[in-house]
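Respectively, the protein sequence lines represent chains C and B.
Okay, so the first sequence: first residue is 1 according to our numbering, each after it adds one.
Okay, so the second sequence: first residue is 304 according to our numbering, each after it adds one.
For each residue, glycine too, the CB sits at the ideal point set by N, CA and C.
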Amino acid sequence: MSRSMANRFTPYMFMAPAAVIMAIALLYPLGYMVWGSFRDWNPSQTIGEAEFVGLKNYITLWNDPNFRESLGVTLRFAFFVVTFEMVIGVGLALLLDRDIRGMSVLRTMFILPMMIAPVVVGLMWRYMYHPTVGTFNRFLDGWGLPKIDWLGQHALGSVIIADIWQWTPFIFILSLAALQSLPRSALEAARIDGATPWQQIIHIKLPLMMPVLIVTGLLRLIDAFKVLEVILVMTEGGPGLSTEILALRISRTATEFRELGVAAAMSNYLLMLLLLLTVTMFGFTRWQEARAARIRAAVEEDA
Amino acid sequence: MPTIHLDNLIKRYGDVQVLHGVDLRMEDNEFTVLVGPSGCGKSTTLRMIAGLEDVSEGEIYVDGKPVSHLEPKDRDLAMVFQDYALYPHMNVAQNISFALRLAKRPKAEIDKKVREVAETVGLTDFLARKPGALSGGQRQRVAMARALAKDSGMFLFDEPLSNLDAKLRGQMRAELALMSQRVQKNMIYVTHDQIEAMTLADRIVVMHGGYIQQQGTPKELFQKPVNKFVAGFLGMPPMNFLDGEIEDTGAGVFVKGDGFALKLQGERAATAKAHTNKQITLGIRPSDLSYDADAAPADALTLDVMVSEYVGAQSVLLCRCGPAKVMVEVNSETPVALGQTLTFAVNPNGVHLFDRQSEAAL
């Protein structure tokens with residue numbers, strides 16, 4: 001083999017181990033899942049023994065009110081957590097983007113929730129939400145207020161609150177980084193132009209942060225669709241189906257209902273939803289890069 | 304247009320004091336240039352006037368009213384920044400009209416103003432473009448237009464031309480000079496470039512190490528620098544400095560040093576006489592030396608020519624005089640060859656004497 005050939009193949013050689021692991025750990029199970037989703041498949045059977053049913057699993061799911069309910073819960077959950085986390089996270093970043101003594105300690109404290117394992121977060125909140133001995137109800141009781149049935153009547157809301165607590169810091173640190181990379185002099189120019197602090201936020205800071213905020217929001221949205229552990233630990237999807245998000249329903253369909261084919265089809269629905277979001281995100285960044293390139297080209301033409 | 308008065312302005316960052324009591328008056332419609340090397344406090348002074356930096360001590364008066372507690376927007380000023388500080392997400396028209404839109408002026412008035420200002424700076428064809436799609440010079444014009452549109456009483460410039468290439472800088476400098484004549488406003492301009500200072504200013508303020516060294520018209524500063532720093536800072540190529548001692552002989556008052564003995568004339572001789580035997584530094588501008596083979600040794604410097612820098616009509620000769628290096632500006636037609644030892648007559652009015660210890664002019 002000539003030297004130049006060897007040179008050409010070197011990068012692929014280095015990439016090969018990663019590619020093999022990807023294939024075994026990701027592509028193979030993914031293919032298996034797609035393959036299985038077309039079968040009426042019971043855990044006691046090998047996939048070869050399972051009967052091929054075509055799109056039946058998908059159609060059944062589409063008409064299954066429980067699946068629709070679960071999808072609805074997932075969408076509601078994702079919408080509310082991302083909306084609140086964006087508003088609170090960006091708001092906090094705008095408030096804390098200043099030089100005050102002890103600010104670095106405060107910032108570190110703000111991002112602590114993100115570092116805790118999801119199962120621990122679930123256990124912690126389940127305890128705090130406990131109807132009689134939980135922190136919240138004891139607190140309400142102490143003030144003579146009526147207790148709230150946190151994980152019963154208001155289960156979805158409570159689960160949303162826990163997720164907001166855990167993931168707002170993610171938005172916060174990314175927004176803060178975006179804020180601190182804004183051009184200082186543009187903000188000073190805005191002050192001289194007569195912008196109040198509020199107007200600086202509306203007219204300068206937020207528009208300039210927008211590219212980062214959009215990507216951050218999409219990342220959070222993708223994550224919110226996949227959430228499992230915290231809800232599993234807190235409510236196990238209950239009461240009824242009120243907090244049964246898709247990931248949870250998939251896991252129960254596979255283990256409790258022993259319908260691997262249906263679970264696989266459901267996973268594929270979720271996968272398609274996430275793919276759509278991911279493609280949107282990549283599309284957005286591509287569009288931005290293309291725009292930047294176009295502008296650069298225009299400048300060079302002028303020069 | 305207001306009179307601006309800085310009264311004993313002091314700025315500290317923690318324990319570090321960067322401005323040591325700046326006193327300055329800027330009259331009506333005056334173009335004041337603060338000039339000095341990096342870290343001399345000129346930008347800090349400007350940013351304090353703008354309200355972007357807090358005043359540690361002292362006060363800023365505009366038309367007799369203290370303003371140092373006011374927000375920038377309440378100080379009736381417009382500013383042009385070194386990096387232009389345009390709003391990248393707004394097009395040129397929106398950039399120019401931002402202040403007017405914040406002030407909620409009627410739309411027709413805003414449109415009229417934008418068109419007017421854009422025409423002044425030659426941006427009419429670019430109003431719909433974003434700053435990212437403009438060249439450096441065009442961005443500079445947008446920054447200028449944005450400041451003009453505000454119609455405020457004073458104009459602050461923070462090194463507005465230093466991000467441009469040399470040719471564009473010259474062009475913009477001329478346009479700025481033109482603009483400053485047309486818009487009758489108080490202008491305060493910060494630069495480290497002495498050419499900008501000399502060409503634009505009604506009044507130059509030379510700063511160094513957080514102190515004002517000297518202020519006055521460009522001519523005053525060029526002809527009568529109060530110390531060695533000002534003398535060396537203004538003028539291109541810079542003033543030559545030679546160490547020497549004043550001697551009063553029967554034949555007159557001389558400055559004697561390694562490789563030269565220069566006789567002082569008129570007023571300078573009288574001044575120097577009082578400082579006989581003092582260690583001094585002799586300052587002579589390159590333009591105050593002229594090639595003259597017949598000059599008397601007491602009125603001239605004898606120099607070894609080392610390097611000749613041809614810059615067109617003029618050439619700058621880098622020469623040696625004893626241990627010191629001396630630059631001479633000559634007509635390029637002057638017949639000089641490298642390695643020659645030549646006599647250069649000294650313009651008797653171009654002789655500057657500085658105390659070697661205190662560096663103050665005698």
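Distance between beta carbons of Asp551 (chain B) and Arg659 (chain B), contact taken as under 8 Å: Arg659 (chain B) to Asp551 (chain B), Cβ: 18 Å. No contact.
Proximity below 8 Å, CB of Arg39 (chain C) to CB of Leu156 (chain C): no
Below-8 Å beta-carbon distance, Leu382 (chain B) vs any chain C residue: Residue identity differs from the one stated: residue 382 (chain B) is Met in this sequence, not Leu. Output row for Met382 (chain B): interface = yes.
For Lys628 (chain B), the first and last residue of its enclosing beta strand (DSSP E): 627 to 634
Residue span of the alpha helix (DSSP H) that contains Gly535 (chain B), given as start and end: 531 to 536
Proximity test, Cβ basis, 8 Å: Asp386 (chain B) and chain C: Taking CB atoms only, Asp386 (chain B) has a neighbour in chain C less than 8 Å away.
Alpha-carbon spacing of Val558 (chain B) relative to Leu481 (chain B), whole angstroms: 44 Å
Interface residues of chain B facing Gln199 (chain C) [CB-CB closer than 7 Å]: Leu405, listed in chain order.
Alpha-carbon spacing of Trp143 (chain C) relative to Met103 (chain C), whole angstroms: 33 Å
Cβ pair Leu309 (chain B), Asp331 (chain B) closer than 8 Å: no
Pair within 8 Å by beta-carbon distance, Pro304 (chain C) and Ile100 (chain C): Absent from the model: residue 304 (chain C). The displayed extent of chain C is 1 to 303, so no value can be given.
Assigned secondary structure, Lys453 (chain B) (DSSP; H/G/I helix, E/B strand, else coil): coil
Which of helix, strand or coil DSSP assigns to Gly560 (chain B): strand
C-alpha gap between Leu451 (chain B) and Val336 (chain B), whole angstroms: Distance between the alpha carbons of Leu451 (chain B) and Val336 (chain B): 19 Å.
Three-way DSSP call (helix, strand, coil) for Thr646 (chain B) in this model: strand
Any chain C beta carbon closer than 8 Å to Lys376 (chain B): yes
Own chain partners of Phe67 (chain C) with C-beta closer than 6 Å, once the 5 adjacent residues on each side are dropped: Closer than 6 Å at Cβ, skipping near neighbours: Leu61.
Sub-8 Å separation of Leu228 (chain C) and Ala254 (chain C) beta-carbons: no
Per DSSP, cross-strand counterpart(s) of Ile202 (chain C): According to DSSP, Ile202 (chain C) bridges with nothing at all.
Below-8 Å beta-carbon distance, Pro391 (chain B) vs any chain C residue: yes
Sufficient close CB pairs (3 or more, under 8 Å) joining the segment 488 to 505 of chain B to the segment 402 to 418 of chain B: no
Three-state secondary structure assigned by DSSP to Ser371 (chain B): coil
DSSP beta-bridge partners of Phe84 (chain C): For Phe84 (chain C), which the question treats as bridged, DSSP gives no partner whatsoever.
When B:Lys531, B:Ala603, B:Phe536 are compared against Ala564 (chain B), the one with the closest alpha-carbon: B:Ala603
Chain-ordered neighbours of Gly547 (chain B) on chain C, where CB pairs are closer than 7 Å: Chain C residues near Gly547 (chain B): none, gap ~48 Å exceeds 7 Å.
C-beta contact flag for Ala664 (chain B) and Pro528 (chain B) at 8 Å: yes
Local Cβ density within 10 Å of Met109 (chain C), reported as buried at 16 or more and exposed below that: exposed
Helix, strand or coil at Leu430 (chain B) according to DSSP, with G and I counted as helix: coil
Gly122 (chain C) - containing beta strand (DSSP E), residue span: From DSSP, Gly122 (chain C) is part of no beta strand (DSSP E) but of the alpha helix (DSSP H) over 118 to 128.
Distance, Glu259 (chain C) Cα to Leu206 (chain C) Cα: 48 Å
Supposed contact pair Gly89 (chain C) and Ser175 (chain C) - C-beta distance, whole angstroms, cut 8 Å: 6 Å
Limits of the alpha helix (DSSP H) - the one that Gln497 (chain B) falls within: 497 to 503
Any chain B beta carbon closer than 8 Å to Glu188 (chain C): For Glu188 (chain C), the closest Cβ of chain B is nearer than 8 Å.
Whole-angstrom C-beta distance between Ala534 (chain B) and Gly586 (chain B), which should lie under 8 Å: Gly586 (chain B) to Ala534 (chain B), Cβ: 5 Å. Contact.
Residue span of the alpha helix (DSSP H) that contains Arg252 (chain C), given as start and end: Its alpha helix (DSSP H) spans residues 246 to 255.
Buried or exposed by the 16-neighbour rule on C-beta atoms within 10 Å, applied to Glu499 (chain B): buried
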